[in-house]
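Numbering (the working numbering), first residue to last: 94 to 629. Glycine included, every Cβ here is placed at the ideal spot set by N, Cα and C. Everything numeric in this text was worked out from a predicted model, so none of it was measured.
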């Protein structure tokens, strides 16, 4: 049997934990950046389509599969998918999800350290953006500071440069993550999320109110105002909808922001009781996340950027990545807020740090659970191994920082491409292998509300076909260019090698885990279903 007997303390706790894993830097930085890159309002159309047809139904499937796997004593993606899929193939496919969460954590910790560094600078006086300078000069000053923090000027600059701020902040964030991981599900992750989520929400409201009251800061450019910023976010450019990369990016953002496909929801739901509600819990966590992403992340960052840079400047700010808006543009905005600028800046980056901390914990947790199951490790030893893996992976992200190519490659392939693949695997396993009728009954066992019957058709047919069409379209239209970029970038090739190594390593551990689980007499192929269905 599984050695992992932890449970969530309350239903509210698991909802906040899942919402906390979802409400991260993807909401406040990645979403605005993706929206700006893909036409502002035009991005919201495939985004909300993906939410309705993919995010919500696949979320229900993940919560249901996670709880069912927990009944069998499994808490990791490979173990749960093996039970639900009744065989070794889904188990090995589940190794991809563990690899995704582990690799994402390598660069997520790095970005998390930036937020702490910015918070520290705002508390102690700001980032060097002078209010008396021209906007172009302010933007340049902000970009220089961001380059220092992110090491974008040259590989190894974080270790050889004059400032060690990022390394110090990385060490603090890393130790905090390990501290909460060691405390476990209820005493660590749940307790953190129960106080961090409300504080983060209050911070977001304060910053949003200030941004929406910016008006027209530069009378000589009346088109740069709050209304124009909101218009860029909500008025679509329909010509962008013919680009498959926009649809892939929208679906990838939904998966990233809802933690779909990464194994987090499978893991978190496995610690629920056998009759705990998964339908309303999933929907509530999704609603909390979407209100934060669109209502806070988009309206704060995109609106503020258009007010000071205009639409073209906003689009240009994200050409080199999604982080420019949050780390370069907003410090310029804060500089124009007078005496309160540093206060608002400190609130903004403290909010980002809390969001990042909750999310990074959720990325370590699936790997931690898998190591415990596959290797039979006690919690503290598994945490020590996670510590070693995280340090090893982070060495690369902290060294190869030039132009953000290394981190950008990791983000695209594991944060979008393989995440998309994993989502396809999960919905097919749930709807076609486990069976949509059986899955439907399992989801409603203990449910507080009923899922509309239409979603049975959506989960079995619409979601898989939607995913397949967008994926094939992207492979035909954009994948050759992405591979070409990879071939021209040594650091990008190194990033891909790390991804593939992580996938292979997790697959090897699945094989070892299978032998261990069978020796322990665990029902890893669901030969004795817990829901009354006949054995295969």
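Coil, strand or helix - residue i by DSSP
{"i": "residue 620", "result": "coil"}
{"i": "residue 95", "result": "Note on residue 95: pLDDT 45, under 50, position unreliable in the model; no value is reported."}
{"i": "residue 286", "result": "helix"}
{"i": "residue 168", "result": "coil"}
{"i": "residue 127", "result": "helix"}
{"i": "residue 382", "result": "helix"}
{"i": "residue 525", "result": "helix"}
{"i": "residue 221", "result": "coil"}
{"i": "residue 328", "result": "coil"}
{"i": "residue 321", "result": "helix"}
{"i": "residue 151", "result": "helix"}
{"i": "residue 535", "result": "helix"}
{"i": "residue 101", "result": "coil"}
{"i": "residue 552", "result": "helix"}
{"i": "residue 376", "result": "helix"}
{"i": "residue 298", "result": "helix"}
{"i": "residue 629", "result": "Note that residue 629 scores a pLDDT of 47, beneath 50, so its modelled location is shaky; the value from the coordinates is reported in the next line. Correct three-state label for residue 629: coil."}
{"i": "residue 407", "result": "helix"}
{"i": "residue 499", "result": "helix"}
{"i": "residue 316", "result": "coil"}
{"i": "residue 227", "result": "coil"}
{"i": "residue 292", "result": "helix"}
{"i": "residue 388", "result": "helix"}
{"i": "residue 116", "result": "coil"}
{"i": "residue 543", "result": "coil"}
Residue i versus residue j - alpha carbon distance
{"i": "residue 173", "j": "residue 335", "result": "37 Å"}
{"i": "residue 304", "j": "residue 123", "result": "19 Å"}
{"i": "residue 302", "j": "residue 278", "result": "34 Å"}
{"i": "residue 446", "j": "residue 527", "result": "39 Å"}
{"i": "residue 178", "j": "residue 608", "result": "18 Å"}
{"i": "residue 560", "j": "residue 520", "result": "10 Å"}
{"i": "residue 602", "j": "residue 135", "result": "43 Å"}
{"i": "residue 524", "j": "residue 386", "result": "29 Å"}
{"i": "residue 257", "j": "residue 206", "result": "12 Å"}
{"i": "residue 481", "j": "residue 475", "result": "10 Å"}
{"i": "residue 473", "j": "residue 485", "result": "19 Å"}
{"i": "residue 287", "j": "residue 569", "result": "45 Å"}
{"i": "residue 404", "j": "residue 395", "result": "9 Å"}
{"i": "residue 513", "j": "residue 313", "result": "45 Å"}
{"i": "residue 529", "j": "residue 578", "result": "40 Å"}
{"i": "residue 562", "j": "residue 507", "result": "20 Å"}
{"i": "residue 332", "j": "residue 408", "result": "16 Å"}
{"i": "residue 293", "j": "residue 149", "result": "24 Å"}
Beta-carbon proximity check, residue i vs residue j, cutoff 9 Å
{"i": "residue 222", "j": "residue 238", "result": "yes"}
{"i": "residue 494", "j": "residue 341", "result": "no"}
{"i": "residue 349", "j": "residue 487", "result": "no"}
{"i": "residue 498", "j": "residue 585", "result": "yes"}
{"i": "residue 363", "j": "residue 539", "result": "no"}
{"i": "residue 326", "j": "residue 133", "result": "yes"}
{"i": "residue 632", "j": "residue 147", "result": "It is not possible to answer for residue 632, since the shown part of the chain is limited to 94 through 629."}
{"i": "residue 536", "j": "residue 156", "result": "yes"}
{"i": "residue 139", "j": "residue 343", "result": "yes"}
{"i": "residue 455", "j": "residue 119", "result": "no"}
{"i": "residue 466", "j": "residue 167", "result": "yes"}
{"i": "residue 265", "j": "residue 437", "result": "no"}
{"i": "residue 378", "j": "residue 503", "result": "no"}
{"i": "residue 500", "j": "residue 195", "result": "no"}
{"i": "residue 51", "j": "residue 199", "result": "In the structure as shown, the chain starts at 94 and stops at 629, and residue 51 therefore has no counterpart that could be examined."}
{"i": "residue 591", "j": "residue 188", "result": "no"}
{"i": "residue 242", "j": "residue 259", "result": "yes"}
{"i": "residue 171", "j": "residue 532", "result": "no"}
{"i": "residue 211", "j": "residue 424", "result": "yes"}
{"i": "residue 191", "j": "residue 618", "result": "no"}
Span of the alpha helix (DSSP H) around residue i
{"i": "residue 216", "result": "181-216"}
{"i": "residue 472", "result": "472-492"}
{"i": "residue 586", "result": "583-612"}
{"i": "residue 262", "result": "258-277"}
{"i": "residue 459", "result": "434-468"}
{"i": "residue 574", "result": "572-580"}
Min CB distance residue i to chain D below 9 Å
{"i": "residue 545", "result": "Included in the structure is just one protein chain, with no chain D present."}
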